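Engineer:
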Amino acid sequence: MALLDDVKGELAAIENDSPAAKMAQASTMMRFGGGLRPVNNQAVIRAQFDSLQAATWLQNTIAAYFQKEAVISRTTRQTPNGVVQRYDVLVERGATALALQAGLLDRRMRLVKGLSADIVGGNIAQIKAAWRGAFLARGAISDPGKASYLEIICPSHETALALQGAARRLGISAKARQLRSSERVTLRDPDAIERMLILMDAPHSAREWTGKRSDGEARGKANRLANFDDANMRRSAKAAAEASEKVRRAFEILGDDMPENLKVAGRLRLDHADASLEELGRLAEPPITKDAIAGRIRRLLQLADKTEKARRQG
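Residue numbers (UniProt numbering): 1 to 314.
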């Protein structure tokens, strides 16, 4: 939790954004934190956060850029891991007008299912701010030494797709998925996580996360080397190395003259030389079975052999 707190603290301390970016971040925080809802026959905006700094940032931004008053209340909740504190940002007076300003409602007074068009079609600063706001509201990041992930729980399938598209505009591949009836957007690639932290303007947290990840990987590598006498591991390593070498040779023969699906499969094999076929299948976009990834790599090698043979005969 310490790393997550550090990331959210760094993000909530950013003050040098443009007004449009700040409004995009505030809108996304309201959308992912709770949004517009009826309470006692009155429309209110309520957004909940696990960071007091995030709640205070939203309260101040609503006052400065939307001219509405928001109040913060603290709640406690018992969980299997102990008592946790949450901070509610509540807007009662003028909530409907604020929802229109922030893009939570469209001009026909209908709830926007995803993110507002102003954000989705906005500039890169607004896209970065939207990701920052979503992370402040519902973001999580892996602890060092565990499987790498950066994940945001989304309030709807449409918001997940909007956030996935926003990541694509930033040059980062994010996966929208459903897990235990909740919609999530997840980054698994360590380099992509580091880039996203930097793009969200959390460079100190990015360095901390990368450093701890490197330490964990070094320890893991040392442990693997210490146990490398295992016969199965030796065979697996040898097979992976041979497969990578064959794919590399196929790329040299074919160049760019190959179907895109075979090229992607081959690139996955080269980029993840130690991964199993099942893991390669999960890394594909969209994910495929290990038989499918094996078949594509096999067809790539067959195409290279056929091409080389034809060149010799020609």
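Here a beta-carbon is modelled for each residue, glycine too, at the ideal position from N, C-alpha and C. Since this is a predicted model, take the numbers as computed values, not measurements.
#1: In three-state terms, what does DSSP make of Gly266?
#2: Among Gly133, Asp118, Lys113, which residue has its Cα nearest to the Cα of Val7?
#3: Based on the DSSP output, what are the partners of Asp88 in its beta bridges?
#4: Spell out the partners DSSP gives Val83 in its beta bridges.
#5: When the Cα atoms are used, what is the spatial distance from Ser27 to Ser205?
#6: Kindly identify the DSSP beta-bridge partner or partners of Thr186.
#7: Kindly indicate the opening and closing residues of the beta strand (DSSP E) around Ala140.
#8: From the DSSP output, read off the bridge partner residues of Val39.
#9: Excluding the 5 residues flanking Ser156 on each side, which residues of the same chain have their C-beta closer than 8 Å to its C-beta?
#10: Quick one: is Glu10 buried, meaning 16 or more other Cβ sit within 10 Å of its Cβ, or exposed?
#11: Note down the Cα distance separating Ile152 from Leu58, rounded to an integer number of angstroms.
#12: Helix, strand or coil for Leu105 per DSSP?
Structural biologist: The answer reads as follows:
#1: Gly266 falls in the helix class under three-state DSSP.
#2: Gly133
#3: Per DSSP, Gln48, Ser73.
#4: Gln78
#5: 24 Å
#6: Glu151, Lys175
#7: Looking at the DSSP string, the run of the beta strand (DSSP E) that includes Ala140 is 139–141.
#8: Gln42
#9: Lys113, Gly114, Glu183
#10: buried
#11: Whole-angstrom Cα-Cα distance: 18 Å.
#12: strand
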